[in-house]
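K.L.:
Numbering (my numbering), first residue to last: 33 to 408.
We put the CB at the ideal spot given by N, CA and C, even for glycine.
So that we are looking at the same thing, I have put the structure below in C-alpha cells.
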C-alpha cells in the first residue's frame, strides 16, 4: 500500500524529508508525494532541493514551473502551494508532514485537511509524541496530531531507554552540543532570546531545550528524572548529546559499552518477561538484526494482554549505532541513525556515568518522520 503524503514547509527539515523520499529506496517504494506547500517560487525551491551546502548535490532529476507552480523530482510531478493557512491547502493525502515549525499546537496542526498530521517539533498537547524505535506501541489508530518530538529527543530517547532497562536510571542531566539553526542570526540582530540574537558562527551560545523533559511522555518510567540544557556551537550540522546519569546498580564504562554494542547488533526474536538489551545484565540476546522478527507487530496482532514493558519490540537497526573510531562531527553528516553512541566517550566516576551520542540533527530526524508515516 502506498502512503500519500503532503509536506508543509520546505526549510531544512522539509527539504530533507522530500529528498529522502526520492533518495532512499525504502521510502520511495512506499510513499508518494502528492503536494508540497512552501513560501518561495518553484525555481528557488528546486534549486535548494538540487544543491545543498551540507548534504551535497541531489543526484536525481529536479524540474519546476514558476508559472504553473509545480515541482518535479525524478519525473514525479506534484503541485507547489503557497498558502499561509493550513485549512486553505487542498491536500488530498493520507498524512501531512508539518515541517514549518509554526504549527506546534494541536489546534493549529489539526487545521490541515488530512487524516493524520506528523509535526516536526514538540507539541505539548499533541495526541501522542512518538520517538520512532522507542515508543511505537503508544501510537493508536485514533491519534490524529502526532508529534515526532525533536532531533535531540530522538537521540536521547533510545540511549536512555536502553540504559534504564539494563542498569536503571535514578536521575540524569543532558547537554546537547547543538549545531546552529535557522532560528539564529548570522550576524547580531533581533531575537526574543538575547543569546540567540548574537552571531551564531562566532560564539558558543547557551540556550534551552525541552528534549530531556519530553522523555517522560515517551518513556513514562523516566518522567521527572531527567532534565537538560543546550549549547549552540559554530557548526552548521551534526550535534551531540552529552548524557550524565546515576544508575540503580554499579556499572563500569566497559559494561555500558557492551550493552550498547549488543543493542545495536542483536535483537530478541520472541516476547520475554522483561526487555533485554545486552548479555551482561539481562540475559542472552537470541537473534541478529538480520534475523529478527518485528516482535511488536506480532504481539499486537496476536495478544492484547502483554504490557509494552514486557516486550522488546523495537527495530533498532535503523535507530541506534555505535562508533569506535576517533571521529568528529562532520563525519556524521547524512548519517541515518537517531543516535550514534561514541564508545570512547563513556566514563564512570563513582556512581556518576557519562555517555555521548552523535546525531545528524537534520537528516536522521527527517528519516524518523517518514518512519512514523509508514507505521500509522
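#1: Assign residue 90 to one of three DSSP states: helix, strand, or coil.
#2: Ends of the alpha helix (DSSP H) at residue 353?
#3: Taking the alpha-carbon positions, what's the residue 110 to residue 67 distance?
#4: Once the 5 residues before and after residue 193 are set aside, which same chain residues still bring their CB inside 6 Å of it?
#5: Report the rounded CA-to-CA distance for residue 223 versus residue 215, giving the unit in angstroms.
#6: Pull up the CB-CB distance for residue 266 and residue 212, whole angstroms please, since I reckon it's below 8 Å.
#7: Where does residue 236 land, buried or exposed, given buried means 16+ other C-beta within 10 angstroms?
#8: What is the rounded straight-line gap between the Cα of residue 220 and the Cα of residue 227?
#9: Buried or exposed, going by whether 16 or more other CB atoms sit within 10 Å of the CB of residue 381?
#10: When you compare each of 58, 179, 394, 168 to residue 210 by their alpha carbons, which one comes out closest?
#11: Using a 10 Å radius around the Cβ and a threshold of 16 neighbouring Cβ atoms, would you call residue 118 buried or exposed?
#12: Note down the Cα distance separating residue 87 from residue 78, rounded to an integer number of angstroms.
#13: Are there 16 or more other CB atoms within 10 angstroms of the CB of residue 254, so buried, or fewer, so exposed?
#14: Once DSSP output is grouped into helix, strand and coil, what is the label at residue 276?
#15: Here's a check: name, in chain order, each residue in its chain whose Cβ is nearer than 7 Å to the Cβ of residue 285, leaving out the five neighbours to either side.
#16: Just the Cα atoms here: how many angstroms apart are residue 56 and residue 403?
#17: Within the same chain, show all residues whose beta-carbon is closer than 6 Å to that of residue 183, passing over the 5 residues directly before and after it, in chain order.
#18: Using only alpha-carbon positions, find the residue among 296, 386, 293 that is nearest to residue 278.
#19: Suppose you measure from the CA of residue 51 to the CA of residue 80; what does that come to, to the nearest Å?
#20: How many angstroms separate the CA atom of residue 408 from the CA atom of residue 364?
#21: According to DSSP, is residue 256 helix, strand or coil?
P.N.:
This is what the structure holds:
#1: coil
#2: First-last for residue 353: 352-355, but that is the beta strand (DSSP E), not the alpha helix (DSSP H).
#3: 5 Å
#4: 166, 251
#5: 9 Å
#6: 7 Å
#7: exposed
#8: 9 Å
#9: exposed
#10: 394
#11: buried
#12: 15 Å
#13: buried
#14: strand
#15: 378, 379, 380
#16: 12 Å
#17: 393, 397
#18: 386
#19: 11 Å
#20: 29 Å
#21: coil
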